[in-house]
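Chains as they are written, first to last, in numbering that gives the first Met the number 0: chain X, 0 to 397; chain G, 0 to 132.
Ideal Cβ positions, reconstructed from N, Cα and C, are used throughout, including at glycine.
Following: one structure in structure tokens, then a few remarks.
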Amino acid sequence: MNIAYRNVRRRPVRTAVLLVLTALLSLAVCGGTLLVSGLQKGLGSLEARLGADIMVVPYEARTKSNLESIVLQGNPGYFYMDNSRYEKIRGLDGIGQISAQFYLASASSGCCSIPVQIIGFDPETDFTVLPWLKRSYDGNLQAGDIVVGNDLNAFPGDTLTFYGIDCHVAAKLDKTGTYYDSAVFTNIDTIQQLIGSSLDKGMNDFAGTDPQKVVSTVLINVAEGYSPEEVMNDINIHVKKVKAVQTKEMISGISRSLQGTSDVIGVLIAAVWVLGLVILLLAFTMSVNERKREFAVLRVIGASQGKLASIVMQEALLTGLCGSVLGTGLALVGMLGFRTAVSEQIGLPFLLPGAGQTALLAVMSILAVLLAGILAAAVCAYRISRVDTALILRGDNG
Amino acid sequence: MKKPTITDICLLLLSAALCLGSKLLFHACGPKEDGSWMSCHWAEQTVFLMSIGLTVVSVLRLFLSRPAKAGAALAMSVMSVATALIPGIAIRLCMMDTMRCHAVMRPAVLILCGLIAVAGVVDAILSRKEANA
């Protein structure tokens with residue numbers, strides 16, 4: 000190892016080129032895989048979060064507001080329909096579970112210029128928020144209590160003020176990778192107080208409806224023996240001024256975008272790998288060719304063919320290890336440090352794997368690049384172990 | 000002035016990157032609609048001032064003797080750790096983790112300060128080895 004180490008140190012430019020190449024390979028494989036798995040995990044989390052077969056919204060929400068931008072991307076907004084429609088839907092056939100939610104976009108709070116989405120739900124009937132909430136809070140929400148998403152810089156015990164009403168933070172949700180992370184959840188009593196306060200401050204008009212008798216969305220799980228499509232059509236036909244949509248249909252667009260993004264990233268990783276491997280092979284071949292005399296001298300002073308091959312392999316191992324650790328480290332720092340910025344840029348649900356999975360991925364990336372470097376070096380090691388010392392030293396090396 | 004070492008150049012470049020980047024690349028959130036600033040702006044200003052200090056020290060180091068350079072490198076390590084603690088700990092950032100100060104400024108400051116701290120310690124260790132040799 001001493002000879003290999005000295006060789007690596009003696010040729011800083013060659014070593015730097017090999018380090019950059021191996022770092023690039025591991026950066027591509029580790030960063031790319033983290034990106035793809037983050038997108039896939041984000042979509043899985045979104046599917047689990049939606050948790051309802053059908054979502055019913057006021058008809059104007061489909062046209063005036065972009066429903067997907069509010070429901071899937073979490074852009075703060077609001078739309079309302081009369082409570083009587085909720086009651087009418089509840090009476091239809093095929094309804095298994097049904098629960099209403101209220102959306103309210105907060106005004107700019109004291110510290111920040113960005114408003115947050117406040118979502119009111121009914122703990123008696125809810126089946127979409129509570130499963131997430133139970134992971135971090137097992138009590139009952141009292142009037143004035145709120146649960147904050149993971150991206151909000153507030154913690155249990157803090158007080159946040161919305162529309163002049165002080166709300167007590169009862170819990171903080173686990174990271175979901177979806178718009179839940181930047182939303183605030185509360186029960187019906189609190190949301191009614193907030194709606195009333197927003198009316199008093201002239202920040203909402205609720206389109207002429209009584210704010211005490213409105214809902215924003217109705218979430219439905221269909222009963223056994225009914226298909227979501229059947230129930231959705233029934234609602235769209237029998238309940239006026241509402242639009243029922245299947246949640247799976249809503250996320251199918253995201254699934255397609257995700258698949259496209261994953262494919263592009265996969266192709267780019269493959270291209271970087273092919274290019275990197277070719278350059279790695281060329282670099283090792285050129286390096287060994289220019290050092291033929293050096294290896295011939297080593298042979299003359301007693302180094303075996305195996306020893307020469309071992310020196311080449313050890314050099315590849317050293318540069319491969321340093322380069323892959325550097326590249327993987329860069330990928331981890333970039334993806335973990337700037338995960339929020341990456342997520343914002345992509346505009347899709349994004350949730351990085353846990354620490355264990357990430358560590359495993361990092362180790363796999365390092366091993367993969369090491370293996371690639373050793374394979375490339377093995378070809379050259381085989382060639383150098385077969386050089387004819389006499390021919391090389393005579394200068395007739397073909 | 001002796002020929003600068005790799006750690007000298009690293010410390011100078013990293014400090015300069017922190018100084019320029021905190022104003023140009025990874026600055027905090029912009030002003031509110033009413034023109035007032037959020038608290039993250041003051042975190043950015045403090046990081047900027049600290050980074051000016053770091054850059055000045057990293058330039059002055061080039062003209063110092065080897066032992067003094069090592070001392071200055073250690074001082075830079077301590078200063079960079081202090082700078083890393085400014086956004087989010089010494090000065091609160093905005094409410095949402097998705098805002099620029101959380102998503103861009105804080106990780107960039109942490110990474111650059113971490114690198115400066117490591118480079119400073121490495122420089123001090125190398126200087127000690129050189130002195131003992």
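Within the region 79-100 of chain G, contact with chain X at the beta-carbon level (separation under 9 Å) is assigned to Gly-87, Arg-91, Leu-92, Cys-93, Met-94, Met-95, Asp-96, Thr-97, Met-98 and Arg-99.
For Ser-226 of chain X, the secondary structure class from DSSP, reduced to helix, strand or coil, is coil. Here the C-alpha atom of Pro-155 of chain X lies approximately 23 Å from the C-alpha atom of Met-37 of chain G. Here Leu-329 of chain X has Leu-26 as same chain residues with Cβ atoms under 6 Å from its own Cβ, once five neighbours each way along the sequence are excluded. In this structure, DSSP gives Cys-166 of chain X an extended state, which the three-state scheme calls strand. The continuous stretches of beta strand (DSSP E) do not include Gly-93 of chain X, and DSSP gives it neither H nor E. Under the three-state reduction of DSSP, Phe-154 of chain X is assigned to coil, being neither helix nor strand. Here Gly-148 of chain X has Leu-172, Tyr-179, Asp-180, Ser-181 and Ala-182 as same chain residues with Cβ atoms under 6 Å from its own Cβ, once five neighbours each way along the sequence are excluded. Counting the other Cβ atoms within 10 Å of the Cβ of Leu-370 of chain X gives fewer than 16, which makes it exposed. Taking 9 Å as the CB threshold, Leu-24 of chain X stays off the interface with chain G.
Ala-340 of chain X has a beta carbon lying within less than 9 Å of a beta carbon in chain G. Taking a beta-carbon distance threshold of 9 Å, Ala-153 of chain X counts as an interface residue toward chain G. With a cutoff of 9 Å on beta-carbon distance, Met-75 of chain G and Leu-23 of chain G are scored as not near each other. Taking a Cβ-Cβ cut-off of 8 Å, the neighbours of Ile-110 of chain G in chain X comprise Val-332 and Gly-336, given in sequence order.
Of all residues in the region 45-64 of chain G, none has a C-beta nearer than 9 Å to a C-beta of chain X. The shortest C-alpha to C-alpha distance from Lys-200 of chain X to any of X:Cys-166, X:Gly-224, X:Phe-161 and X:Ile-187 is the one to X:Phe-161.
Out of X:Gly-176, X:Thr-189, X:Lys-174 and X:Asp-150, the CA that lies nearest to the CA of Asp-165 of chain X is found in X:Thr-189. Around the C-beta of Ile-5 of chain G, fewer than 16 other C-beta atoms lie within 10 Å, and the residue is accordingly described as exposed. In the DSSP assignment, Phe-120 of chain X falls within the beta strand (DSSP E) that extends over 116-120. Residues of the region 168-188 of chain X whose Cβ lies closer than 7 Å to any Cβ of chain G, in chain order: Ser-181. Taking the beta carbon of Val-117 of chain G as reference, no residue of chain X falls within 8 Å; the closest one sits roughly 12 Å away.
Asp-125 of chain X does not reach chain G, its nearest Cβ partner there being about 25 Å away, counting only Cβ pairs nearer than 8 Å.
Gln-304 of chain X and Ile-268 of chain X have their C-alpha atoms spaced approximately 36 Å apart.
Note that the region 34-52 of chain G touches the region 97-115 of chain G; at least 3 beta-carbon pairs, one per stretch, sit closer than 8 Å. The three-state reading of DSSP puts Ser-38 of chain G in helix, counting H, G and I together. Identification of chain G residues near Asp-157 of chain X by a Cβ-Cβ cut-off of 9 Å yields none; the smallest Cβ-Cβ distance measures about 10 Å. From the listed residues X:Ala-367, X:Phe-283 and X:Gln-191, the smallest Cα separation to Leu-320 of chain X is found for X:Ala-367. The beta carbon of Glu-228 of chain X sits closer than 8 Å to the beta carbons of Gln-245 from its chain, once the five residues preceding and following it are set aside; these are given in chain order. According to DSSP, Tyr-179 of chain X shares a beta bridge with no other residue.
By the C-beta density criterion, Thr-124 of chain X is exposed, having fewer than 16 other C-beta atoms within 10 angstroms. Spanning the alpha carbons of Leu-33 of chain X and Leu-360 of chain X requires a straight line of approximately 8 Å. Across the set X:Leu-20, X:Asn-139, X:Asn-152 and X:Gly-326, the C-alpha of X:Asn-152 shows the shortest separation from the C-alpha of Met-95 of chain G. In terms of beta-carbon proximity, Val-115 of chain X lines the interface with chain G, with at least one pair separated by less than 9 Å. Under the 8 Å Cβ criterion, the region 302-316 of chain X counts as touching the region 372-385 of chain X, having at least three qualifying pairs. By the CB criterion at 9 Å, Tyr-102 of chain X and Phe-78 of chain X fall inside the cutoff. The count of Cβ pairs closer than 8 Å, one atom from the region 335-350 of chain X and one from the region 290-304 of chain X, stays below three, leaving the stretches out of contact.
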